[in-house]
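So the structure is just underneath, and the comments pick up after that.
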Amino acid sequence: MDQAQKRIIAEILDREVAMFLRVPARQEPSCRAHLDDMQLHRRGQFSVWSLSCCESYLRDLRRAEEEGRNLMTIKYARMEDLIPPVSQSKRIPEIVSRFVGWQREMLSHYPNIMRGGRDIDDFANYLRCELETYSDATLELLWKDVDAFSRKKQNMSKAIYEFLARQSGYTNIDEMEKRLKKS
125 MDQAQKRIIA EILDREVAMF LRVPARQEPS CRAHLDDMQL HRRGQFSVWS LSCCESYLRD
185 LRRAEEEGRN LMTIKYARME DLIPPVSQSK RIPEIVSRFV GWQREMLSHY PNIMRGGRDI
245 DDFANYLRCE LETYSDATLE LLWKDVDAFS RKKQNMSKAI YEFLARQSGY TNIDEMEKRL
305 KKS
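Per our numbering: the sequence shown ends with 307, consecutive numbering throughout.
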């Protein structure tokens, strides 16, 4: 990841956190107390995106702010089925399907890393609802990234966890899995 992408990701995270902190909640979500962890996971997600996809998503965030829309509020409202779908893009089920397959591989090969995460249905719902907040342009660019990983027979979820492992002080994902097995 080059410096330009790091700067874009930093701005994405700043804008997402600002939106996240304004999400109305009936109860205080536990992740609000762990913003550093949330930012680390989001940084991992964006670390495997192309620069053009990151730039497009940043434009989505800026446009939403200009229009007075909070993409985090929309995502969580969709997750709770409080509002109807906000996008019918054909790319959403395609992207979700690929990521569900990759998550299943992760659950199979890295059970210790994955044991604290969402189950597959929750993961798919979370991802689907998030993708609905993306513009068609961002969805197309993300699809290109996802498809590029698939064509190379690579797992995008694993690439995200590789980033997280290194950021957490492990040499790689395999060391992280082994160390978590002992705990």
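Think of the CB as a built atom: it goes at the ideal place given N, C-alpha and C, for glycine as much as any other residue.
Look at W173 here: in three-state DSSP terms it is coil, with no helix or strand label. Secondary structure in the stretch 213-273: the alpha helix (DSSP H) runs of 4 residues or longer, each lying completely within the stretch, are 215-233, 235-238 and 244-255 in chain order. Straight-line spacing of the CA atoms in N279 and I216 works out to 18 Å. For Q278, no alpha helix (DSSP H) run applies, since DSSP gives it neither H nor E. In this structure the stretch 165-175 does not lie against the stretch 231-246, because fewer than three pairs of beta carbons, one per stretch, are closer than 8 Å. Counting only the Cα atoms, F247 lies some 8 Å from V224. With fewer than 16 other Cβ atoms from the protein chains shown falling within 10 Å of its own Cβ, A128 counts as exposed. For I297, the three-state secondary structure derived from DSSP is helix. Our two residues, M162 and M196, have alpha carbons roughly 13 Å apart in a direct line. Secondary structure of D126 (DSSP, three-state): coil.
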